[in-house]
Amino acid sequence: MSLLLQKKVSNSVDTDNTTDTVTTEQADTLTTSAQRGKTLFEQHKCQSCHPIDGSNQLTPPLRGLYGNERKLKNDSTIVADEGYIKESIQYPGAKVVQGYNDNMPSFRDLMSDQELQEITDYIKALR
Ligand code: HEC
Numbered sequence: 001m002s003l004l005l006q007k008k009v010s011n012s013v014d015t016d017n018t019t020d021t022v023t024t025e026q027a028d029t030l031t032t033s034a035q036r037g038k039t040l041f042e043q044h045k046c047q048s049c050h051p052i053d054g055s056n057q058l059t060p061p062l063r064g065l066y067g068n069e070r071k072l073k074n075d076s077t078i079v080a081d082e083g084y085i086k087e088s089i090q091y092p093g094a095k096v097v098q099g100y101n102d103n104m105p106s107f108r109d110l111m112s113d114q115e116l117q118e119i120t121d122y123i124k125a126l127r
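Quick note on UniProt numbering: the sequence shown kicks off at 1 and runs consecutively.
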C-alpha cells in the first residue's frame, strides 16, 4: 500500500469515530469515559429536563455545576463534588436544590456503577 493511500484510510477512520455522538467542540476535550457518559445522558433523556445549552426554569443548569456551591432547599450549602453528582442521580430527593421542585426520577436501577461514573464524568466536563 502506498503511503498516500494509508493516510487516506486512517483519516476516514478518525472521522467515523468522532462524528455523530460527540460535537466537534467537545471531541477534543472529553475523556473516553465522559464521551460514553454523553451518550448515556442522551439515551436516558436527561436533556429533556436538563438542556445543556440554553435554559430551563424547571432545572438548575448542569454546565458549571462541578466544584461550585449549591444552596439546598433546607437552606444548607454544599459544594458539588463527584459524590454529590452521583447522589443527585441515584437519590434525587436526598438533596434538593433551592428554588426547584423534587421532580427528578431516580436512575439508580437504570444504570450500572460504571455507567454512573461515565455520566458523572460527562457532567464534570461541562464547564
Ligand atoms: C423529569 C425531569 C428530570 C429528568 C428526566 C432528569 N432530571 Fe436531573 N433534576 C431535575 C430537577 C427538577 C432537579 C432539581 C431538583 C433536585 O435537586 O433534585 C434536578 C437535579 C439534578 C442534578 C443536581 C443539579 C444541581 O444543580 O445540584 C443533577 C446532577 C442531575 N439532575 C442530573 C440528571 C441526570 C444525569 C439525568 C439523566 C440520567 C437527569 N438529571 C434527569 C429534573 C430531571
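C-beta: ideal position from N, C-alpha, C; glycine also.
Would a check of beta-carbon distances place Gly54 closer than 8 Å to chain C?
The question asks about chain C, but that chain is absent: this structure has only one protein chain.
Give a yes or no on contact between the region 108-120 and the region 39-56, applying the rule of three or more CB pairs nearer than 8 Å.
yes
Nearest to Thr59 by alpha carbon, out of Leu126, Thr77, Val96?
On the sequence shown, position 59 is the one that residue 59 refers to. Comparing Cα positions, the closest option is Val96.
Identify every residue that forms a DSSP beta bridge with Ile78.
Start at 1 with the first residue of the sequence shown, and residue 78 comes out as number 78. Arg70.
Assumed close pair Leu62, Ile119 - CB separation to whole angstroms, cut-off 8 Å
By one-based count along the sequence shown, residue 62 stands at place 62. By one-based count along the sequence shown, residue 119 stands at place 119. Not quite, the Cβ-Cβ distance comes to about 11 Å (not below 8 Å), so this is no contact.
What's the gap between the Cα of Cys50 and the Cα of Met104?
For the purposes of this step, residue 50 is taken as the residue at position 50 of the sequence shown. For the purposes of this step, residue 104 is taken as the residue at position 104 of the sequence shown. The identity of residue 50 in the sequence shown is His, whereas the question assumes Cys. If I take the Cα positions, the gap works out to 10 Å.
Neighbourhood of Asp102 by C-beta distance below 6 Å, restricted to the same chain and skipping five residues each side
Position 102 of the sequence shown, counted from the first residue, corresponds to residue 102. Excluding sequence neighbours, Asp102 sits near Gly93, Val96.
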